[in-house]
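Each remark here refers to the structure printed beneath this line.
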């Protein structure tokens, strides 16, 4: 009885520890698994499902020098942090969504514009097709699910972020990662 | 001749001190070990296993921390309070109260101290109330009984049988 009473009187301590330890280690892991924009390439994909760790690991295999990590996230990851969306280096978005995201996208470099189907908005070419809904084929299909849920089948495009420092400003790491992504099955 | 049974024998403080130290060292070692394990898991973290490692570290830290709190609340703090109580009564002047002794089953936890029960000692018309450490009640003879209870600071510290209850 005494043990039970002591246990119940200590519940605030157990709860406080649960909150503090979880927050502490989450903060530590944020430090471990993140770095500055200059040292990482970030891919955001507006797709129904994404094997984000597996895709990031695969893309990290061809990391250019100076880059410490590649991060791949589905758009659902950003649902509470809209500002974060502008910080991406690479995007995979549906063709019909290009107008709404165009302010975050850089014009597609000429070297990519000749590699396949592209998508334009108001005269600017933004994306290279990465998934063809008609043939149901796309790059990195082992990691990215392009169809499913309540979405109708639609083409997806690979785009570059307008604020990315890896599209020529600092280095060309975004292009190297994009090339790896396009070559994945 | 009846013998006096001490509730706080001379070697008791040493035993309590050793018990407190042992629990403190064991608990501290466990806490350090848990922290080292968590740091090691952090070092072994990479992009592929980050989510799993974070979950593992959070769980180890959470459950380990709860175990440490449990040990502190139930063993270390209890022992420390017992020891402080013991030292408060050691070498203090004693009073003797004789009469028919019964034990009130109600336990009262004194804030930041031990849990006590009350001995009711009836001596004719008068009834004396004496606290007894709840952990020491097992050392009393079958009650009610006629005893001489020795007290210090209002706590029973020893007893002696007078005669059997008729």
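Chains as they are written, first to last, in this note's numbering: chain A, 8 to 192; chain B, 196 to 361. We put the CB at the ideal spot given by N, CA and C, even for glycine.
Of all the CB atoms in chain A, is at least one closer than 7 Å to the CB of residue 253/B?
Yes, its Cβ sits closer than 7 Å to a Cβ of chain A.
Going along the chain, which unbroken runs of the beta strand (DSSP E) with 3 or more residues stay wholly within the stretch 261-347 of chain B?
Correct list: 290-304, 310-318, 321-328, 340-347.
Three-state secondary structure (DSSP) at residue 20/A?
Of the three classes helix, strand and coil, the one that applies to residue 20/A here is helix, per DSSP.
Of all the options 191/A, 28/A, 95/A, which has the alpha carbon lying nearest to the alpha carbon of residue 171/A?
For the residues 191/A, 28/A, 95/A, the minimum Cα distance to residue 171/A belongs to 95/A.
Can you tell me the Cα-Cα spacing of residue 102/A and residue 163/A, whole angstroms?
Roughly 6 Å between the two C-alpha positions.
To the nearest angstrom, how far is it from the Cα of residue 45/A to the Cα of residue 110/A?
Those two C-alpha atoms are separated by around 21 Å.
Cα separation between residue 269/B and residue 211/B?
Residue 269/B and residue 211/B: Cα-Cα distance of roughly 14 Å.
Could you tell me the boundaries of the alpha helix (DSSP H) in which residue 233/B lies?
Taken as a continuous stretch (DSSP letters only), the alpha helix (DSSP H) holding residue 233/B covers 207-238.
When the Cα of residue 329/B is compared with those of 294/B, 318/B, 273/B, which residue comes out closest?
Out of 294/B, 318/B, 273/B, 273/B has the C-alpha closest to the C-alpha of residue 329/B.
Need the endpoints of the alpha helix (DSSP H) that residue 75/A sits in, please.
That residue, residue 75/A, is in no alpha helix (DSSP H); it is neither H nor E in DSSP.
Taking all protein chains shown into account, do 16 or more other C-beta atoms lie within 10 angstroms of the C-beta of residue 305/B, making it buried, or fewer, making it exposed?
It counts as exposed.
Would you call the stretch 46-60 of chain A and the stretch 219-229 of chain B in contact, with 3 or more CB pairs under 8 Å?
Too few Cβ pairs lie closer than 8 Å, so no.
Return the residue from the list 143/A, 136/A, 159/A, 73/A that minimises the CA-CA distance to residue 186/A.
Of 143/A, 136/A, 159/A, 73/A, the residue nearest in Cα terms is 136/A.
Which whole-angstrom value describes the C-beta separation of residue 338/B and residue 298/B, a residue pair presumed to lie in contact below a C-beta threshold of 8 Å?
With 8 Å as the limit, residue 338/B and residue 298/B qualify as a contact, their Cβ atoms being about 5 Å apart.
Within its chain, find whatever has a CB closer than 8 Å to the CB of residue 208/B; leave out the 5 residues flanking it on each side and keep chain order.
Cβ within range, chain order: 278, 281, 282, 285.
Can residue 289/B and residue 347/B be called in contact, C-beta distance under 7 Å?
Yes.
For residue 112/A and residue 156/A, which I take to be in contact (beta-carbon distance under 8 Å), what is that distance rounded to the nearest angstrom?
At roughly 23 Å, the Cβ-Cβ gap does not stay under 8 Å, so residue 112/A and residue 156/A are not in contact.
Using a cut-off of 7 Å between C-beta atoms, extract the partners of residue 209/B located in chain A.
Going along chain A, no residue has its Cβ under 7 Å from residue 209/B, so there is no contact; the nearest lies around 25 Å.
So what does DSSP say about residue 154/A, is it helix, strand or coil?
If DSSP states are grouped into helix, strand and coil, residue 154/A belongs with coil.
Which word fits residue 87/A, buried or exposed, when buried means at least 16 other C-beta atoms lie within 10 angstroms of its C-beta?
Per-residue confidence for residue 87/A stands at a pLDDT of 48, beneath the threshold of 50, marking its modelled position as unreliable; no derived number is given.
Assess contact between the stretch 253-262 of chain B and the stretch 18-30 of chain A, defined as three or more Cβ pairs (one per stretch) separated by less than 8 Å. Is contact present?
Taking 8 Å as the limit for Cβ pairs, the verdict is that the stretch 18-30 of chain A does touch the stretch 253-262 of chain B.
Have a look at the DSSP bridge pairing and note the partners of residue 128/A.
Paired residues: 131/A.
Flag this pair as yes or no: are the beta carbons of residue 340/B and residue 202/B separated by less than 7 Å?
Contact: no.
Compare the Cα-Cα distances from residue 82/A to each of 76/A, 57/A, 67/A and report the closest residue.
Looking at the Cα atoms, 57/A is the closest of the given residues.
From the DSSP output, in three-state form, read off residue 352/B for me.
Of the three classes helix, strand and coil, the one that applies to residue 352/B here is strand, per DSSP.
Chain B partners of residue 24/A, CB-CB under 7 Å?
Correct list: 260, 261, 264.
Run down chain A in chain order and give the residues with a C-beta less than 7 Å from the C-beta of residue 257/B.
Near residue 257/B (Cβ distances below 7 Å), the residues of chain A are 25, 28, 29.
As a quick exercise: from 73/A, 126/A, 141/A, pick the residue whose alpha carbon is nearest that of residue 134/A.
The residue with the shortest Cα to Cα distance from residue 134/A is 126/A.
For residue 360/B, does the count of other Cβ atoms within 10 angstroms reach 16, so buried, or fall short, so exposed?
Caution applies to residue 360/B, whose pLDDT of 46 falls short of 50 and renders its modelled position unreliable; the model cannot decide the point.
Of all Cβ atoms in chain A, is any one closer than 7 Å to the Cβ of residue 291/B?
No, residue 291/B does not count as interfacial toward chain A.
Going by DSSP in three states, residue 200/B sits in which element: helix, strand or coil?
In the structure shown, residue 200/B sits in a strand (DSSP, three-state: E or B).
Give the DSSP-derived three-state secondary structure of residue 42/A in the structure shown.
Residue 42/A falls in the coil class under three-state DSSP.
In angstroms with no decimal places, state the Cα-to-Cα distance between residue 154/A and residue 175/A.
Residue 154/A and residue 175/A: Cα-Cα distance of roughly 32 Å.
Residues of the stretch 265-277 of chain B with a CB closer than 7 Å to any CB of chain A: list them in chain order, please.
Going along the stretch 265-277 of chain B in chain order, one finds 268, 269 with a Cβ nearer than 7 Å to chain A.
Determine whether the beta carbon atoms of residue 75/A and residue 37/A lie at a separation below 7 Å.
No, the Cβ-Cβ distance between residue 75/A and residue 37/A is not below 7 Å.
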